[in-house]
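Asker: The numbering of the sequence shown is this note's numbering, which starts it at 3 and goes up by one.
No residue lacks a Cβ here, since even glycine has one placed at the ideal position from N, Cα and C.
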Amino acid sequence: MKEMINVVAISYLNTLPFVFGIQNNKDLMSQINLRLEYPSKCADLIKSDEVDLGLIPIIEIIDMPYFEIIGEYCIGAESKVKTVMLYSNCPLNEISSVTLDYQSRTSVILVKILAKNFWEIDVEFINADEDYIDCISNNNAGLVIGDRTFNLKDSFYINMTLQKSGLSIQIFHLFLPVGLLISH
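1. With 16 other CB atoms within 10 Å as the buried threshold, where does S191 fall?
2. What's the call for P19, buried or exposed, on a 16-neighbour Cβ count within 10 Å?
3. Candidates L47, K84, N140, I12: which alpha carbon is nearest V146's?
4. Secondary structure at S109, three-state DSSP: helix, strand or coil?
5. Enumerate in chain order the residues of its own chain whose CB-to-CB distance from L15 is below 6 Å, with the five nearest sequence positions on each side excluded.
6. Roughly how many angstroms separate the alpha carbons of L30 and K114, rounded to a whole number?
7. Run through DSSP, which three-state label would I138 get?
8. In this structure, how does DSSP classify E70 when only helix, strand and coil are distinguished?
9. Short of 8 Å in beta carbon distance, which residues of its chain neighbour I24, apart from the five on each side in sequence? Order them along the chain.
10. State the Cα-Cα distance for the pair I160 and L57, rounded to the nearest angstrom.
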């Protein structure tokens, strides 16, 4: 019996084309075990050798001793997206802390760069737990990624997409690749 290949993909709506293609290919599905997780969990699984292939956030390859990019597709954005958001109940210049989404590392680094170099605000960064969205209040903003952003649109004073902010466009040259299929 042939050994199955363990594959992990990001469980968000923007990954649906990848997942749909995999799940609707009977030959491929007979050779793999497909697992869906949030982005930072996908990276942890590939780094710990629990899976053979993974769709992981691009920032994760920085500390991988070896990786191979599979194919020529990625999850990315060329314009405004609504799945990488900073939410706040006060104006940007009044934010004193930002709770960082535990499901992302790429967006965490991006929000830190934007806060320091573009928004020029000095804030405390707080690592989030699973119920952190309820903590976005007063002067504490929150970074939220993925499908969870869809229901939060009208809940806060500030709804800022990180991809559309000026610095992110300069850094990533009008294209922000956020997920690549990686073999480890």
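Answerer: For this structure:
1. Outside the displayed range of the chain (3 to 186) lies residue 191, so it cannot be described from this structure.
2. Numbered from 1 along the sequence shown, position 17 holds the residue referred to as residue 19. Its Cβ having fewer than 16 others within 10 Å, P19 is exposed.
3. For the purposes of this step, residue 146 is taken as residue 144 along the sequence shown, with counting starting at 1. Out of L47, K84, N140, I12, K84 has the C-alpha closest to the C-alpha of V146.
4. Here residue 109 corresponds to residue number 107 of the sequence shown, with the count starting at 1. It is helical.
5. Here residue 15 is taken as the residue at index 13 of the sequence shown, counted from 1. Residues D149 of the same chain have their beta carbon placed closer than 6 Å to that of L15, with the five preceding and five following residues left out of the count.
6. In the sequence shown, residue 30 corresponds to position 28, counting from 1. In the sequence shown, residue 114 corresponds to position 112, counting from 1. When rounded, the distance between both Cα atoms is 39 Å.
7. As a position in the sequence shown, residue 138 is number 136, starting the count at 1. Look at I138 here: in three-state DSSP terms it is coil, with no helix or strand label.
8. As a first step, residue 70 must be located in the sequence shown, where it is residue number 68. Residue state, collapsed to three classes: strand.
9. Here the question's residue 24 lines up with position 22 in the sequence shown. Excluding sequence neighbours, I24 sits near V9, A11, L30, M31, I34, L36.
10. Numbered from its first residue, the sequence shown carries residue 160 at position 158. Numbered from its first residue, the sequence shown carries residue 57 at position 55. The straight-line gap from Cα to Cα measures roughly 30 Å.
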